[in-house]
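Written below as structure tokens is the structure these notes are about.
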Amino acid sequence: MRRRTLRLRTLTSGAVLALGAALLAPRAGAAAAPRDPAPKEETVDHCGSQCADILPPGANGGATLAEILAHRVLGTRPAHADDQLGPYDALSSGYPSLTDDRLTEFFNDASFGVREGQVASVTKPRDDVTITRDKKYGIPHIKGTTRYGTEFGAGFAAGQDRLWLIDLFRHIGRGQLTSFAGGALANQGLEQQFWPQAPYTEKDLEKQVEYIKSTQGERGRQAMEDAQAYIDGLNAYRVKSKNGRYFPGEYVLTGKIDAVTNAGEIEPFKVTDMIALASVVGGLFGNGGGGEVESALSLLKAQEKYGVEKGTEVWESFRARNDPEAVQTIHDGTSFPYAGKPEKARGTALPDPGSVEREQLVYDREGGAGSGAKDPVRAPRKLKPLQGMYDKGVLPADLFGEDGHKKGMSNALLVSGKHTASGNPVAVFGPQTGYFAPQLLMQQELQGPGISARGVSFAGVGMYVQLGRGQDYAWSATSAGQDITDTYAVELCEPGGGTPTKQSTGYLHRGTCTPMEKLERRNAWKPTLADSTAAGSYRMQVFRTKYGIVTHRASVEGKPVAYVSLRSTYRHEADSIIGFQMFNDPSYVKDAASFKKAAQHISYAFNWFYADSRDIAYYNSGANPERADGVDPALPVKAHQAYEWQDFDPEDNTSAQTPPAEHPQSVNQDYYISWNNKQAKDFSTAGFGVSAVHRGDLLDGRVRKLTEEGGVTRASLTRAMSEAAVTDLRGEQVLPELLKVVRSKPVTDPQQAKALQQLEAWRKAGAQRNQTSAGSKTYAHPDAVRIMDAWWPLLIEAEFGPGLGKDLYAALTSQLATDEAPSAGHGPTGAHAGSAFQYGWWGYADKDLRKVLGEPVKGGLADTYCGDGELDACRDALLTTLAQAVAKPATEVYPGDDSCKAGDQWCADSVIHRPLGGITHKPVQWQNRPTYQQVVEFPRHR
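If you use my numbering, the sequence shown corresponds to residues 514 to 1455, in order.
Spelled out as structure tokens, the structure:
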């Protein structure tokens, strides 16, 4: 293999040392604190030190080349790169003895401003704004005397803390990750997964900016002015850091800037980059629905096995659109019908059996495209520790799921003041956005004309705080995932009048044969120090119709069609900016009612939660399309005008939407919980997996008990969250039924009896996956946890496989994986993602086992599967698989990876921050918990 030397690779050892001395100096963008800081005008803060938050690993996400090198060689980290990881981790062991007075051992004080004597630095990028950072965590507190200055400062601070990450994600949003960060197979996979979901031309992005300006009134115009000011500030830091040579070191390692001459460029940012970034955020956390073609295929398999009527009944029982046993956020019985199954469906477009083909995306592969071949460049000896740090990609290839199952999406616990010790509401809530280094979210405080908030924003779109607190209120969100994406079957045609085939690029739109629009993205890369993937290139291609993006081709009733995906937020990626602007405006949000009105302007699918000193409230946002009568949103529909969204206009992808009153919402219910569970009665789920057992049950049972007892405090609600965060859902919710079945007769096999005793002891102790004490890295019941991890996939297949048959079982498990244990490779960061137990077959197993046991079941499955409904046969199947599980050694159950040795159970479960840059972090105890989290209790109101 030929090894080549690039310009940065001629860097001498002496030059490295000189460079290190320069780059390890304080960043000019974060100037040292003035000797005598000017007194600051106090901002009104009604929380009284009772607001706290945390965001691991730390605020600083902008390491220079020398800092990255020092980290890799010496193990050091830049200041404030990991100082929130320790307190975050410690809660898993410290929560049992938690009191209100000890909360700040595990959370930051989230009061407005910086306390006297705690100022670490003050930066003044313009005369009308200051960026003050505190000594403890280095969080930017931005205060402007003008609106422009405030937003300029927000952009400047974003550059200080997240410049590389913002650049990375704008390229993901534009489908250009490989050209920017390298051709690693994971990078190829990620951009191939994301770009077809939100393909845009530059003109498309510009049009979205103009749409907000022209249709959203004064707030729309102000929002785009704020966005431009933010971009101006970001660009100002980009230029300063480049000229001052304190820019993120990843730009050198990926070949963008020469370490010696400083030649090269960090591309200027544009407002359209924010639209691209917004599409990434929305794609990860704010979408819902989709996957109708896959649903159609599994339905056909059910009908093939059982016949149309019985097969449909079986499929619907697994689809569980409105499971009466599912835990709900609104639990008072209020009904909010949406996206339900029509009594008599019209226009459904099921494919002819065997006709479906996925649309080809990638063409013209050359070199390292697809092969993953490596061609390492020659690196100076001093930089050898950094070589190949991106060889496995900067992000997992499957970050953006195509099945409608968005992973790891936040939780919320709120209790009304009627049930708290103080008489004021208490909330513990936050987004579960995965674990990255630096984090996707960025902490900040914004104070300026019309803006007063502290919290977090997604890096690169942080002109407003998106989740956080205002002067006398706090808010957060969980991903809702309701169905805002539909699949249409467009009938194919030939513009010249020929006979269409499945490969035709014309389609019928309201009776006219219309050519599809072809969108392309060509990407090419060369090996760099960070990514040694051999030089390569390819072309991505999608076809766009007035009904959406082509995803599959098939035939329906013998006619060739293209299945296309239409998302209501497509071409409207940043429209939600208006709602966020309102959240930050103290003159707009004054109470629960005004907060709910602001949330109505969020077009992405989120569950919004609000707390002040008087009220708690909930509102489900989203651009929910008004569908034609009789259309089944769970399956593809014919692209005829009669079945279009009501008032559909393809020019800007607009349509009638369900009115705000029809969105799930509530004020002052006794308590609210949300962990991406069902919102309310009759609000149909958008995919498989919301059934009788859901991870929301881990919260609901605990918070319900606290509420019934009364006297809830910040500490007691945090303890409930923390206990749920280290609990195995299967062990708490399904193991009791499993034990009932296998204990229905005496167990005589010694090994099986011992295993059952271990499982029972674990269950009695709370079914936890938590270390015995801080730092022990050993579970109290390691054998029981190992047995459960090995047993679950075996028992599910033994329980359901024989009855469903091989083909249908495979089709259903492709729609919903059977398990999502902490050690599995899933979630926003792949393995070590923290988030677990969101999707799996635990609800199906629970219903089926209760049916076998003769216990009552609401909304049961269409058949009884375990042992074909016979208790003895079911018991035999479970005991057989239990024996198989017991025999599996820990090295097989936990096979090991780059971070963990085979058999290391604790490490396999552990949370590890996925490095997006050069700084890495140690594994920490598994917690199924929000990444950013607030604990709030406002004692007073304006």
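The C-beta atom is built at its ideal place from N, Cα and C for all residues, glycine as well.
Residues bridged to residue i (per DSSP)
i	result
residue 1026	1021
residue 1121	990, 1132
residue 1038	1049
residue 955	970
residue 1004	1074
residue 942	925, 1447
residue 605	Beta-bridge pairing links residue 605 to no other residue.
residue 1437	1424
residue 981	968, 988
residue 1056	1031
residue 1061	1058
residue 564	1449
Buried versus exposed, by CB contacts within 10 Å (16 or more), residue i
i	result
residue 876	exposed
residue 1259	exposed
residue 602	buried
residue 470	In the structure as shown, the chain begins at 514 and stops at 1455. Residue 470 is therefore absent and cannot be evaluated.
residue 1235	buried
residue 1222	exposed
residue 1041	buried
residue 985	buried
residue 558	buried
residue 792	buried
residue 774	exposed
residue 1240	buried
residue 578	buried
residue 1169	exposed
residue 756	exposed
residue 1351	buried
residue 832	buried
residue 671	buried
residue 1336	buried
residue 998	buried
residue 485	Lying outside 514 to 1455, the shown extent of the chain, residue 485 is not represented and no answer is given.
residue 891	exposed
Nearest-angstrom beta carbon gap, residue j and residue i [assumed within contact, 8 Å]
i	j	result
residue 457	residue 696	Look at the range of the chain in this structure, 514 to 1455, and you will see that residue 457 is not part of it.
residue 1244	residue 838	No, residue 1244 and residue 838 are not in contact; Cβ-Cβ is about 19 Å, not under 8 Å.
residue 667	residue 957	7 Å
residue 859	residue 1156	7 Å
residue 971	residue 954	6 Å
residue 1456	residue 994	Any property of residue 1456 remains undetermined from this structure, which presents the chain solely from 514 to 1455.
residue 1174	residue 767	Contact flag wrong, Cβ pair sits at about 50 Å.
residue 1391	residue 1251	6 Å
residue 693	residue 796	Actually they are not in contact, since the Cβ atoms of residue 693 and residue 796 sit about 18 Å apart, beyond 8 Å.
residue 1407	residue 1415	7 Å
residue 1439	residue 1276	About 18 Å; that fails the 8 Å criterion.
residue 563	residue 1452	6 Å
residue 1005	residue 1186	Wrong, their Cβ atoms sit about 47 Å apart, outside the cutoff.
residue 1358	residue 1247	6 Å
residue 573	residue 640	At roughly 26 Å, the Cβ-Cβ gap does not stay under 8 Å, so residue 573 and residue 640 are not in contact.
residue 1305	residue 1332	5 Å
residue 1181	residue 935	Not confirmed; about 16 Å, so no contact.
Short CB-CB distance (under 8 Å) between residue i and chain B
i	result
residue 636	Annotation note: the requested chain B is absent from the structure, which comprises a single protein chain.
*Entirely enclosed alpha helix (DSSP H) segments - the region 1318 to 1342, minimum 4 residues*: Those alpha helix (DSSP H) runs which fall completely within the region 1318 to 1342 and span 4+ residues are 1319 to 1328.
_Entirely enclosed alpha helix (DSSP H) segments - the region 676 to 721, minimum 4 residues_ = Taking only runs of at least 4 residues, the alpha helix (DSSP H) segments lying wholly in the region 676 to 721 are 690 to 694, 698 to 707.
*Inter-stretch contact (C-beta, 8 Å, three-pair minimum) for the region 655 to 664 and the region 961 to 969*: Yes, the region 655 to 664 touches the region 961 to 969.
_Unbroken stretches of the beta strand (DSSP E), 3 residues or longer, contained in the region 831 to 904_ = Complete beta strand (DSSP E) runs here, min 3: 848 to 851, 875 to 880.
*Touch check for the region 1066 to 1073 and the region 1038 to 1058: three-plus C-beta pairs under 8 Å?*
Look at the beta carbons and you see the region 1066 to 1073 not touching the region 1038 to 1058: under three pairs across the two are nearer than 8 Å.
*Is it true that the region 836 to 853 meets the region 810 to 827, where meeting means three or more beta-carbon pairs spaced less than 8 Å apart?*
In short, these stretches do not touch, since the Cβ pair count stays below three.
*Could you tell me whether the region 1129 to 1141 touches the region 1114 to 1121, using the rule of 3 or more Cβ pairs below 8 Å?*
Taking 8 Å as the limit for Cβ pairs, the verdict is that the region 1114 to 1121 does touch the region 1129 to 1141.
*Quick one: which unbroken beta strand (DSSP E) runs of 3-plus residues sit fully inside the region 609 to 679? Chain order, please.*
For the region 609 to 679, the full-length beta strand (DSSP E) segments reaching 3 residues or more read 632 to 639, 642 to 647, 653 to 657 along the chain.
*With a cut-off of 8 Å, do at least 3 Cβ pairs link the region 1284 to 1292 to the region 1156 to 1169?*
A contact is defined here as three or more CB-CB pairs under 8 Å, and the region 1284 to 1292 fails this definition with respect to the region 1156 to 1169.
*asked:* Below 8 Å, how does it come out for the region 1198 to 1207 and the region 933 to 947: are there three or more Cβ pairs, yes or no?
replied: Fewer than three Cβ pairs drawn from the region 1198 to 1207 and the region 933 to 947 lie within less than 8 Å of each other, which leaves the two stretches out of contact.
*May I have a chain-ordered list of the alpha helix (DSSP H) segments no shorter than 4 residues that lie completely inside the region 741 to 812?*
The qualifying runs are 763 to 766, 784 to 794.
_Measuring CB atoms only, is the region 590 to 610 touching the region 632 to 652, in the sense that at least three cross pairs come out at less than 8 Å?_
Judged by Cβ distances under 8 Å, the region 590 to 610 makes contact with the region 632 to 652, as three or more pairs qualify.
*Pair every Cβ in the region 1019 to 1028 with every Cβ in the region 1222 to 1232, then say whether three or more of these pairs are closer than 8 Å.*
Put simply, the region 1019 to 1028 does not touch the region 1222 to 1232. Fewer than three CB pairs are less than 8 Å apart.
*In chain order, which continuous runs of the alpha helix (DSSP H) of length 4 or greater are located wholly inside the region 1266 to 1318?*
Here the runs fully enclosed are 1295 to 1317.
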